[in-house]
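**Student:** In the working numbering, the protein residues as written are 527 to 748.
Before I ask anything, here is the structure I am working with.
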Ligand code: DX5
Ligand code: ZN
């Protein structure tokens, strides 16, 4: 297997929302490079989290890359707001819009990287035309909408397919897995081809977060 870097993107969703700056500090001092920001609109998914204003307000408080995961209907309507808020990566869901291409191009033209996300029930074939313009492909390993759910191992088949497509067809996207990631499954996710690990509850429940990142890395590469 080709050696690949592993990037950690702890999700703020797993933290105490009364203290977001503390959560950002915890992520930065753990050695993670990204912070995963789950935007939910109460329509594409039932819950509501936060929007562009919140992201803009926390932006000056950290150097972490803002990995913004938009679980919202018709994301093309508000890409500019998330660009203005300082998103480094903007990921939209294939299921959320007929205009995923346009949304991704808006993100890229605005200076961010673009990601395309797929739910557990969505096949890789649904996003094949978008792979050329994707900097990231986010494979949901739970149903979107809530933290702390059980990992769905069948979703890793799609990581394997995306990894093979990348090797055989020269795509350059990174593969992100999101939902239920822990010490129990990070090795398999990495072996199948995942490059970025988004994790909320397993990260925030640990007292020693840098030890957690270290153990996840050792487990993945073992
Ligand atoms: C789920 C979110 C995930 C979630 C991950 O809709 O997209 O990013 O926060 O949290 P855990 O690791 O708790 O599944
Ligand atoms: Zn997410």
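Note that beta-carbon positions come from the ideal geometry of N, C-alpha and C, so glycine has one too.
Report back the beta-carbon spacing between residue 534 and residue 549 to the nearest angstrom; my notes put them in contact at under 8 Å.
**Tutor:** Contact flag wrong, Cβ pair sits at about 14 Å.
**Student:** Residues in the same chain with beta-carbon distance under 8 Å from residue 570, minus the five sequence neighbours each way, listed in chain order, please.
**Tutor:** 597, 598, 599, 619, 621, 622 and 670
**Student:** Is it buried or exposed, residue 711, if we count other Cβ atoms within 10 angstroms and call 16 or more buried?
**Tutor:** buried
**Student:** Let me know the secondary structure DSSP gives residue 551 once reduced to three states.
**Tutor:** helix
**Student:** Can you round the beta-carbon distance between residue 657 and residue 704 to whole angstroms, since I take them to be within the 8 Å contact cut?
**Tutor:** No, residue 657 and residue 704 are not in contact; Cβ-Cβ is about 18 Å, not under 8 Å.
**Student:** Taking the Cβ atom as the reference point for each residue, do residue 749 and residue 746 lie within a distance shorter than 8 Å?
**Tutor:** For the chain, the structure presents residues 527 to 748; residue 749 sits outside this window and is missing.
**Student:** Output the distance between the C-alpha atoms of residue 695 and residue 701, rounded to the nearest integer angstrom.
**Tutor:** Between residue 695 and residue 701, the C-alpha separation is close to 15 Å.
**Student:** Would you list the one or two residues that DSSP bridges to residue 701?
**Tutor:** 663
**Student:** So for residue 639, helix, strand or coil by DSSP?
**Tutor:** In the structure shown, residue 639 sits in a strand (DSSP, three-state: E or B).
**Student:** For residue 627, is the beta carbon positioned less than 7 Å from some heavy atom of the ligand DX5?
**Tutor:** no
**Student:** Taking the straight line between their C-alpha atoms, what separation do you get for residue 719 and residue 563?
**Tutor:** Looking at the two C-alpha atoms, the distance is approximately 22 Å.
**Student:** Taking 7 Å as the cut-off, is the CB of residue 565 close to at least one heavy atom of the ligand DX5?
**Tutor:** no
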